[in-house]
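Going by the numbering used here, the sequence shown opens with residue 1, and the numbers climb by one from there. What follows is a set of notes on a single structure, which appears directly below.
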Amino acid sequence: MKFAVYEVREDEKKMLNTLAERHHLELALTAGPLTPETLSLAEGAQGISTLGQSHMNREMFKAVAEMGIHAYSTRCIGVNHVDLKAAKEFGVSVSNASYSPHGVADYTVMLMLMLLRRYKPALWRQQVNDYSLGGLMGRELCHMTVGVVGTGRIGLTVMQNLSGFGCEMLCYDVKENPEAAKLGRYVSLTELYNKSDIITLHTPLLDSTRFMIGEEAIAQMKPDALLVNCARGELMDIRAVIQAIENERIGGVALDVFADEDGIYHHDRRTDIIKNRDMAYLRQFPNVIMTQHMAFYTAEAVDSMVACGIESLLAFNEGKSYPCQIV
Ligand code: NAD
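Structure (structure tokens):
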């Protein structure tokens with residue numbers, strides 16, 4: 001069986017080779033996205049897999065179906081780039097990927113600790129032989145109240161991770177999770193904002209969550225509250241966050257995600273003019289940690305994403321059901 005695999009990163013190749021050997025597959029690999037020009041790579045294939053940069057629109061699904069290909073997988077969780085209705089119309093099955101919540105949950109706790117221990121300015125000083133302690137006094141997690149907003153897969157795992165630190169945990173979700181209720185206390189969002197020393201976001205981006213951290217929410221927080229966002233940039237009104245940092249209204253923020261990060265994060269843009277002013281401005285502060293949407297990025301997660309992408313195409317062709325099928 002042959003599958004065409006697009007947007008292949010170097011770090012995916014080992015697992016792709018393992019799967020090709022294990023399942024006796026011919027895998028046609030390319031680093032480029034799937035476009036009308038690159039579709040010919042899939043000639044004679046029984047399935048196609050991409051990451052998130054290929055535009056899987058109606059024209060693409062029509063062309064894929066016309067080639068006799070009826071299985072498509074995206075090796076990421078998000079399916080914003082896939083026209084699911086069109087896939088259905090042209091009889092192409094769609095699957096996405098899944099991976100364990102531990103990578104993002106571990107990373108979230110790391111960011112909390114980095115903020116608490118003022119790791120960013122400490123690292124700056126190390127690099128210029130400044131070994132002074134002034135301004136670097138930290139705080140201990142066991143004395144903190146942590147507010148977890150969104151207690152799904154990642155939020156719950158964050159709470160499980162934190163349970164070893166001895167901190168108090170408050171949580172909020174539109175749907176309560178009994179496992180989370182064993183570790184923390186569900187409260188209203190207002191109470192969570194009022195009482196938390198650290199607030200961490202783990203909700204999807206929805207109309208109901210967009211800009212949930214704005215002026216009004218910040219006004220309810222403790223004056224030295226720390227905010228962590230490993231979920232989606234648009235959960236925060238970044239202008240309000242900038243104002244709160246400038247006015248020292250909050251203690252710090254750690255962001256693994258940023259509004260309008262597409263085309264910037266995951267690319268080497270060193271010699272380009274980057275037009276995200278908020279990103280450039282916020283980055284400078286000693287109490288602001290920003291990373292390039294990499295909380296998910298572990299060897300285990302990459303292997304799992306590749307395995308989902310290839311094994312779902314295989315299962316479809318063998319007439320078997322598979323857990324990641326969407327269409
Ligand atoms: P999940 O679906 O398992 O959990 C989301 C939770 O949010 C659910 O319990 C849901 O009930 C809750 N929720 C929905 N609307 C809410 C609202 N208005 N207020 C409060 N809670 C609400 O999702 P997950 O897998 O835990 O992912 C959480 C977030 O992490 C998502 O935004 C996802 O995109 C993001 N994520 C980021 C990375 C990264 O690398 N930084 C990687 C994976 C996922």
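Positions of the beta carbon are idealized from the N, C-alpha and C atoms, including for glycine. Quick caveat: nothing in here was measured; it's all calculated off a predicted structure.
Residue of the options minimising C-alpha distance to residue i
i: lysine 13; options: Ser321, Ala307 and Glu318; result: Ala307
i: alanine 254; options: Met67, Gly233 and Asp130; result: Gly233
i: histidine 81; options: Leu201, Pro33 and Met290; result: Pro33
i: histidine 102; options: Tyr297, Ile289, Thr271 and Met236; result: Tyr297
i: alanine 105; options: Gly319, Ile310 and Ala301; result: Ala301
i: tyrosine 107; options: Arg283, Cys324 and Ala295; result: Ala295
i: histidine 24; options: Phe3, Ala31 and Gly91; result: Phe3
Whole-angstrom distance between residue j and residue i, CA atom to CA atom
i: valine 187; j: aspartate 303; result: 37 Å
i: leucine 111; j: methionine 60; result: 40 Å
i: serine 208; j: glutamate 176; result: 17 Å
i: valine 228; j: leucine 205; result: 15 Å
i: alanine 240; j: alanine 42; result: 47 Å
i: aspartate 237; j: isoleucine 218; result: 10 Å
i: threonine 38; j: leucine 201; result: 39 Å
i: asparagine 194; j: threonine 145; result: 11 Å
Proximity test, residue i beta-carbon vs ligand 1 heavy atom, cut-off 7 Å
i: tyrosine 172; result: yes
i: histidine 267; result: no
i: aspartate 224; result: no
i: alanine 299; result: no
i: isoleucine 77; result: yes
i: alanine 231; result: yes
i: asparagine 177; result: yes
i: glycine 52; result: no
i: serine 208; result: yes
i: alanine 181; result: no
i: arginine 153; result: yes
i: leucine 205; result: yes
i: valine 253; result: no
Local Cβ density within 10 Å of residue i, reported as buried at 16 or more and exposed below that
i: serine 73; result: buried
i: cysteine 76; result: buried
i: proline 36; result: exposed
i: methionine 137; result: exposed
i: aspartate 256; result: buried
i: glutamine 353; result: This structure cannot settle anything about residue 353, because the visible part of the chain is limited to 1 through 327.
i: histidine 267; result: exposed
i: serine 196; result: buried
i: aspartate 329; result: Outside the displayed span of the chain (1 to 327) sits residue 329, for which this structure offers no information.
i: glycine 147; result: buried
i: histidine 293; result: buried
Q) Counting Cβ pairs, one atom from each stretch, are 3 or more of them under 8 Å apart for the region 308-325 and the region 267-284? A) no
Q) Do three or more CB pairs link the region 147-162 to the region 125-137 at distances below 8 Å? A) Contact between the region 147-162 and the region 125-137 is absent: fewer than 3 CB-CB pairs across the two stretches fall below 8 Å.
Q. Is there contact between the region 207-222 and the region 159-173, where contact requires at least three CB pairs shorter than 8 Å?
A. No contact exists between the region 207-222 and the region 159-173.
(Q) Is it the case that the region 283-291 contacts the region 46-66, given that we only count it when at least three CB pairs across the two stretches are under 8 Å? (A) Result no; under three Cβ-Cβ pairs closer than 8 Å.
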